[in-house]
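Notes follow once the structure below has been shown.
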Ligand code: AMP
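Residue numbers (my numbering): 1264 to 1457.
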């Protein structure tokens, strides 16, 4: 299996690129943001809890997020691997992911592909997305900036976790979507032919 952590700040293009990688390599994207939004929409207890963090641009607590991801992971069969989009967002989550993959599937993270995009580009991309997506957290510049702050405070360090395992590859996330997809695919292919 190929298990990709698609990494990068909000607005770096993880969702867009996941769709491409899913098709090319028969992978299943697991987006914790999408899972939370599903729960918000259906007004579940988990959704109510998550909303109180998401509306402020803060991270939902690790344990809640990890339990949700673990439950989802076991639902999908017939794929050649997973794309983790928006998870892990803390070092504790990265440790949990290793543990879950090992215990539940005897698998491991193959590679962490990190999309690099300047902050001001992120802000303008997210504001633009907010006009169409209807996402409350994309509509307000203050919340967007808080999400980016949260990224640098808690998430950026996850890069070190994968660097230490020689699994970290950084890719320029600015430019033509197809070209970025091509660069990501090249990295994935290196691991398929291994
Ligand atoms: P995203 O769609 O990945 O930008 O996530 C939207 C929001 O969901 C984030 O701003 C967080 O509030 C929450 N969220 C998504 N994934 C995680 C995660 N791995 N850990 C904690 N909170 C998360």
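For glycine and all other residues, C-beta sits at the position ideal for the given N, C-alpha and C.
Since the structure is predicted, the reported quantities are computational estimates derived from the model, not experimental observations.
Reduced DSSP category for residue i - H, G, I as helix; E, B as strand; rest coil
i	result
residue 1426	helix
residue 1318	coil
residue 1302	helix
residue 1288	helix
residue 1381	coil
residue 1369	coil
residue 1350	coil
Cβ neighbour criterion (16 or more within 10 Å) applied to residue i
i	result
residue 1350	buried
residue 1397	exposed
residue 1307	exposed
residue 1415	exposed
residue 1323	buried
residue 1348	buried
residue 1438	exposed
Candidates the options: closest to residue i by CA position
i	options	result
residue 1340	1368, 1296, 1446 and 1373	1368
residue 1286	1306, 1431 and 1345	1345
residue 1419	1405, 1356 and 1264	1356
residue 1381	1447, 1434, 1425 and 1325	1434
residue 1443	1266, 1275, 1264 and 1300	1275
residue 1413	1313, 1268, 1291 and 1272	1272
residue 1406	1387, 1436, 1446 and 1432	1387
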